[in-house]
Amino acid sequence: MARKPNYDFERKERDRLKAEKKALRAAEKKAARIKNSEQSEQIDIDNLTDNPTGAT
Numbered sequence: 002m003a004r005k006p007n008y009d010f011e012r013k014e015r016d017r018l019k020a021e022k023k024a025l026r027a028a029e030k031k032a033a034r035i036k037n038s039e040q041s042e043q044i045d046i047d048n049l050t051d052n053p054t055g056a057t
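Under the numbering used here, the residues of the sequence shown are numbered 2 to 57, in order.
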């Protein structure tokens, strides 16, 4: 005998998994943005220390 479908639960489960994946992707993007901004700040600091007078 086949089981009675529980459409509400299945839909909520799909939505939960989708939200979990979306949150994971957002966290990865945020970490990448932070990493890139730290690298650009490091490059800016290196450029300032190479030329202490500030003249180009």
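Every residue gets a Cβ at the ideal spot worked out from N, C-alpha and C, and that includes glycine.
- Judged by DSSP in its simplified three-state form, alanine 32 adopts helix.
- DSSP, reduced to helix, strand and coil, places lysine 23 within a helical segment of the structure shown.
- The beta carbon of lysine 30 sits closer than 6 Å to none of the beta carbons in its chain outside the five residues before and after it.
- Under the three-state reduction of DSSP output, asparagine 7 falls in the coil class, being neither helix nor strand.
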